[in-house]
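Colleague:
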Amino acid sequence: MSEENVEYAPEVCCHCEGAGCMYCNKKGTVMVPQPSQRCRHCDGDCCIYCGYTGWEHPLKE
1 MSEENVEYAP EVCCHCEGAG CMYCNKKGTV MVPQPSQRCR HCDGDCCIYC
51 GYTGWEHPLK E
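Heads up: the sequence shown runs through residues 1 to 61, numbered per full-length UniProt numbering.
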């Protein structure tokens, strides 16, 4: 799948559980490539690899 054909959908930020924080730009959600997958390094507990969002490859906004 080429990079330009990736579909993104909003998922609840695991760091703030939707309340809004600096990692999700105070939105409570992050855009994640579909199908969405929890971070393989932390399993959604938030780490440097997922940008503290809990998701694989979150879109940088």
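Idealized CB from N, CA, C, for every residue including glycine.
Could you spell out where the beta strand (DSSP E) holding Thr29 opens and where it closes?
Modeller: To locate residue 29, count along the sequence shown from 1; it is residue 29. Start and end: Thr29 to Pro33.
Colleague: Please report how far the alpha carbon of Cys46 lies from the alpha carbon of Asn5, in whole angstroms.
Modeller: Residue mapping note: residue 46 aligns to position 46 of the sequence shown, counting from 1. Residue mapping note: residue 5 aligns to position 5 of the sequence shown, counting from 1. So the two alpha carbons sit approximately 27 Å from each other.
Colleague: Terminal residues of the continuous beta strand (DSSP E) containing Ala19?
Modeller: Taking the sequence shown and counting its residues from 1, one reaches residue 19 at position 19. Here Ala19 belongs to no beta strand (DSSP E), and DSSP marks it neither H nor E.
Colleague: Cys14 and Gly44 - do their beta-carbons sit closer together than 8 Å?
Modeller: Here residue 44 refers to the residue found at position 44 of the sequence shown. Here residue 14 refers to the residue found at position 14 of the sequence shown. In this structure, Cys14 lies closer than 8 Å to Gly44 by Cβ.
Colleague: Count the other CB atoms within 10 Å of the CB of Glu7; is the residue buried (16 or more) or exposed (fewer)?
Modeller: Counted from its first residue, the sequence shown places residue 7 at position 7. Burial call: exposed.
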